[in-house]
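Counting in our numbering, the sequence shown runs from 146 upward without gaps.
Note that CB positions come from ideal geometry on N, CA and C, so glycine has one too.
Source: prediction; values computed, not measured.
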Amino acid sequence: MTEHVTRVLKKGVVVIPKVLREEVGIKEGDLVVVKRVEDRIVIEPLERRLTLVTVDSELVDRILREVDEEEKRLEMKKLKRVFGVEE
């Protein structure tokens with residue numbers, strides 16, 4: 146285990162040494178999870194806690210089309226009711 150000394154800045158900002166960021170794959174802009182484990186503060190990349198799900202883009206497109214069609218159908222039904230048009 147390597148140790149590095151860093152300073153806590155205003156608002157609790159801590160710079161993670163570059164070598165440690167590289168070792169665990171943390172890059173600028175990445176989200177990290179900060180948690181307390183007993184008397185320690187642990188920082189880890191958020192990606193390690195996420196489960197990636199692959200999605201069929203054609204399925205997503207079809208579902209979005211169906212939702213859009215249903216919204217249009219409901220809007221037409223509402224307009225017909227408001228203006229007294231029978232179906």
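Measure the alpha-carbon distance for Val-247 versus Lys-180 and round it to whole angstroms. Because the chain spans 146 through 232 in this model, residue 247 falls outside it and cannot be assessed.
Rounded separation between Val-177 and Val-205 - CA only: 29 Å
Just how far apart, CA to CA, sit Glu-189 and Glu-215? 43 Å
Limits of the alpha helix (DSSP H) - the one that Ile-161 falls within: Element bounds for Ile-161: n/a, residue is neither H nor E.
The beta strand (DSSP E) spanning Lys-180 covers which residue range? 177 to 182
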